[in-house]
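In terms of my numbering, the sequence shown opens at residue 1037 and continues consecutively.
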Amino acid sequence: MTPQPLHIFQKDLRHLWPETLVTLLLFVAFAWAVPYGWQTTEYSIFIKLLAGFLHVLMPIAWLIVISRLIHDESLVGDRQFWTSRPYHWASLLAAKALYIVVFLYVPFFLMQVYLLKHAGLYPTTAIPALLHNLLLLTVILIVPIAAIAAVTSTFPRLLLSTIGAIIYILIVAGLFGFAFFDHMPPPHLSGIIAALVIVLPLAALIYQYATRKTTTSRILLLATPILIPILLILTPATALIHSSYPVIAAADAPTLTVIPAPPGTPVSPGHLQTFRGNVLLNLPFAVKDSDKDSNYALQGVEAHLTGPTTWTSAYLSTFGSSINASVPYTVVRLFMPQSVFDKAKTSPADLHLSIAADHLKAKPTSTWKSTLLPFSIPGHGVCFSSSESPDEAPTCRFPLKAPEILYASAPLSATSCAQQGTQQVSGRAALSSSSSTLDFDPVITVPLNFTTGDPNPQHHYQFCAGTPLTFLEAESVGKVRFEVDAKQLTLDPYATRVQARATPGAPAPQPE
1037 MTPQPLHIFQ
1047 KDLRHLWPET
1057 LVTLLLFVAF
1067 AWAVPYGWQT
1077 TEYSIFIKLL
1087 AGFLHVLMPI
1097 AWLIVISRLI
1107 HDESLVGDRQ
1117 FWTSRPYHWA
1127 SLLAAKALYI
1137 VVFLYVPFFL
1147 MQVYLLKHAG
1157 LYPTTAIPAL
1167 LHNLLLLTVI
1177 LIVPIAAIAA
1187 VTSTFPRLLL
1197 STIGAIIYIL
1207 IVAGLFGFAF
1217 FDHMPPPHLS
1227 GIIAALVIVL
1237 PLAALIYQYA
1247 TRKTTTSRIL
1257 LLATPILIPI
1267 LLILTPATAL
1277 IHSSYPVIAA
1287 ADAPTLTVIP
1297 APPGTPVSPG
1307 HLQTFRGNVL
1317 LNLPFAVKDS
1327 DKDSNYALQG
1337 VEAHLTGPTT
1347 WTSAYLSTFG
1357 SSINASVPYT
1367 VVRLFMPQSV
1377 FDKAKTSPAD
1387 LHLSIAADHL
1397 KAKPTSTWKS
1407 TLLPFSIPGH
1417 GVCFSSSESP
1427 DEAPTCRFPL
1437 KAPEILYASA
1447 PLSATSCAQQ
1457 GTQQVSGRAA
1467 LSSSSSTLDF
1477 DPVITVPLNF
1487 TTGDPNPQHH
1497 YQFCAGTPLT
1507 FLEAESVGKV
1517 RFEVDAKQLT
1527 LDPYATRVQA
1537 RATPGAPAPQ
1547 PE
């Protein structure tokens, strides 16, 4: 005797085979089109456009399949035919989950494995990243769509509800982006929001199947978008940052000193550069006694000003700055309300800075030899040299994510590779990527573009196959916080100013 979930599964397949077949064909078409984006041919631009179009079509197809799947035994109302049959709600829910796993999760996973294999990568090294991708697929698409379908009776209502949810998310994201444009994201907040996004819709989905009390299930589902902005507002960001970024031990900490402007330094001409009532300050720091193998990527800064006025900021983002032994100074960006700046700009004030940073530690360097054939590099990557153009720089591919910090250095030829002689210059390239989100194409392509620091644009340097490559990779070893005091600091010289365009016949602008 066929178990009830399998019986329902077979029935769903008979009812939904056209939609399911189209969905599977979209997976196949995407797997065929995407590899053309990894190479340059006369047709690749058109295939890339097709891949982008398929990238949009696939979620729409999933929306239709999930809607038809759940609405085949509608949970809204009390006149459904299936309620008179010996269906148990758990068997019904298990059958729907099995259908989604078989025809959405498994094809998605196999498609990504195929693309990795086709790209010359090793899927087994990317199993955790592939499973993380499936988790993101569940949180962002599958569970929300299934929950909305469970509390709606028809596809048009599902579509309108989905569009309304997207509009709501865009509005909330826009409002919070506008209000907290320069704030450092609190640690662990994204994980808490992800848990909230999956737990409440999943609870609404299960509760609707178990009880078919649509009003209560809808309230549970609506609680998700309502609680998220409340959570964002009430999150004690400063306390979370202080907890996650402990003050670095004095024995391990580099010495940071704000470089004071010499007395009488003239203020740069132009008008203050302000953004929404804030003045941008660029504070230069001298860096000493930094561990040669450490790099501190600055994430945020909290400022406390005492003097002519008192002001304490939230943790403000300062991405792009770093502290390491190879750079004798760094610059910390700080937004300050203009009303505060006007009171303290010319009078000496004390400034206390609390700087949050991610601590990265360099691994021992490794040397790899490049070839015309594909060759491996750190981070489970593979680089490909062009057999048709030996002078062209290789292109490297990584499974789902490139290492956070990875630098390559190599001697470059000042002539063509065919005439490679003794003239060589050292070049450096960065192969790094940020944290990945939901990726349909699991192959990250990074060109191996070297820079030499030669200011003359007429000089061209070539990377040649057979040249040894030296790689420097870093790994995260924790989060730290620096506490820095600057006494009797005059802020005016550090403010960013812009010069107005000169108008013929007009008097020159006067500095503020």
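Cβ atoms here follow ideal geometry from the backbone N, Cα and C, with glycine treated the same way. Just so we're clear, the structure is a prediction, and the values are computed from it rather than from any experiment.
When DSSP labels each residue in this structure, what does residue i get in the three-state scheme?
i: Glu1109; result: coil
i: Pro1041; result: helix
i: Leu1316; result: strand
i: Val1187; result: coil
i: Phe1371; result: strand
i: Ala1222; result: The sequence shown places Pro at residue 1222, rather than the Ala named in the question. In the structure shown, Pro1222 sits in coil (DSSP, three-state: anything other than H, G, I, E or B).
i: Phe1566; result: With the chain covering 1037 to 1548 only, the question about residue 1566 has no answer from this structure.
i: Pro1504; result: strand
i: Ala1538; result: Note that Ala1538 scores a pLDDT of 49, beneath 50, so its modelled location is shaky and nothing firm can be said.
i: Arg1104; result: helix
i: Ala1350; result: coil
i: Asp1036; result: The requested residue 1036 does not occur in the structure, where the chain is confined to residues 1037 to 1548.
i: Gln1148; result: helix
i: Pro1164; result: helix
i: Arg1050; result: helix
i: Ser989; result: Residue 989 is absent from the structure shown; the chain starts at 1037 and stops at 1548.
i: His1278; result: helix
i: Ala1254; result: According to the sequence as given, residue 1254 is Arg; it is not Ala. If DSSP states are grouped into helix, strand and coil, Arg1254 belongs with the helices.
i: Pro1547; result: No answer about Pro1547 holds up, because its pLDDT of 48 lies below 50 and its placement is not dependable.
i: Leu1268; result: helix
i: Lys1405; result: strand
Compare the C-alpha of residue i against each of the options and name the closest.
i: Thr1348; options: Thr1354, Gln1335, Val1367, Phe1371; result: Phe1371
i: Leu1268; options: Gly1213, Gln1309, Ala1398; result: Gly1213
i: Leu1292; options: Val1479, Gln1498, His1388; result: His1388
i: Tyr1243; options: Arg1517, Val1461, Ala1186; result: Ala1186
i: Ala1231; options: Thr1342, Thr1260, Ile1203; result: Thr1260
i: Thr1247; options: Gly1113, Pro1400, Tyr1443; result: Gly1113
i: Ala1209; options: Ile1264, Val1142, Trp1074, Leu1316; result: Ile1264
i: Lys1328; options: Pro1192, Ala1087, Ser1362, Lys1405; result: Ser1362
i: Ala1429; options: Ile1184, Val1461, Cys1500; result: Cys1500
i: Val1520; options: Ala1126, Val1058, Val1337, Pro1223; result: Val1337
i: Gly1356; options: Asp1325, Met1220, Gln1498; result: Met1220
i: Asn1360; options: Pro1373, Val1323, Asp1378; result: Val1323
So is residue i in contact with chain B if we call contact Cβ pairs under 8 Å?
i: Ile1359; result: Going by chain labels, chain B is absent from the structure shown, which holds only one protein chain.
By DSSP's criteria, residue i is part of a beta bridge. Which residues make up the other side?
i: Cys1432; result: Cys1419, Val1482
i: Ser1362; result: Ser1362 is not bridged to any residue.
i: Ala1392; result: Gly1336, Arg1517
i: Ser1450; result: Note that residue 1450 is Ala in the sequence shown, not Ser. Paired residues: none, contrary to the question.
i: Tyr1443; result: Ala1466, Leu1508
i: Asp1378; result: Beta-bridge pairing links Asp1378 to no other residue.
i: Trp1125; result: Answer by DSSP bridge pairing: none, since Trp1125 is not bridged.
i: Thr1310; result: Val1315
i: Leu1387; result: Leu1341, Ala1522
Should residue i be labelled buried (16 or more other beta-carbon atoms within 10 Å of its own) or exposed?
i: Ser1253; result: buried
i: Trp1098; result: buried
i: Asn1318; result: exposed
i: His1416; result: buried
i: Phe1507; result: buried
i: Val1137; result: exposed
i: Ala1538; result: The pLDDT assigned to Ala1538 is 49, lower than 50, so where the model puts this residue is not dependable; a value taken from the coordinates is nonetheless given after this. Looking at its Cβ environment, which holds fewer than 16 other Cβ atoms inside 10 Å, Ala1538 is exposed.
i: Phe1063; result: buried
i: Arg1121; result: exposed
i: Val1315; result: buried
Whole-angstrom Cβ separation of residue i and residue j, contact assumed at under 8 Å?
i: Ala1597; j: Pro1504; result: Because the chain here runs from 1037 to 1548, residue 1597 falls outside it and cannot be looked at.
i: Ala1393; j: Leu1436; result: That belief does not hold up - the Cβ atoms of Ala1393 and Leu1436 are roughly 26 Å apart, past 8 Å.
i: Pro1164; j: Val1149; result: About 14 Å; that fails the 8 Å criterion.
i: Thr1342; j: Ala1385; result: 7 Å
i: Thr1056; j: His1107; result: Rounded, the Cβ-Cβ distance is 15 Å, inconsistent with contact.
i: Pro1111; j: Ile1044; result: Before going further, note that residue 1111 is Leu rather than Pro in the sequence given. Not a contact, Cβ separation roughly 14 Å.
i: Cys1432; j: Val1482; result: 5 Å
i: Pro1143; j: Leu1060; result: 6 Å
i: Ser1280; j: Lys1515; result: 6 Å
i: Ala1183; j: Ala1133; result: Contact flag wrong, Cβ pair sits at about 13 Å.
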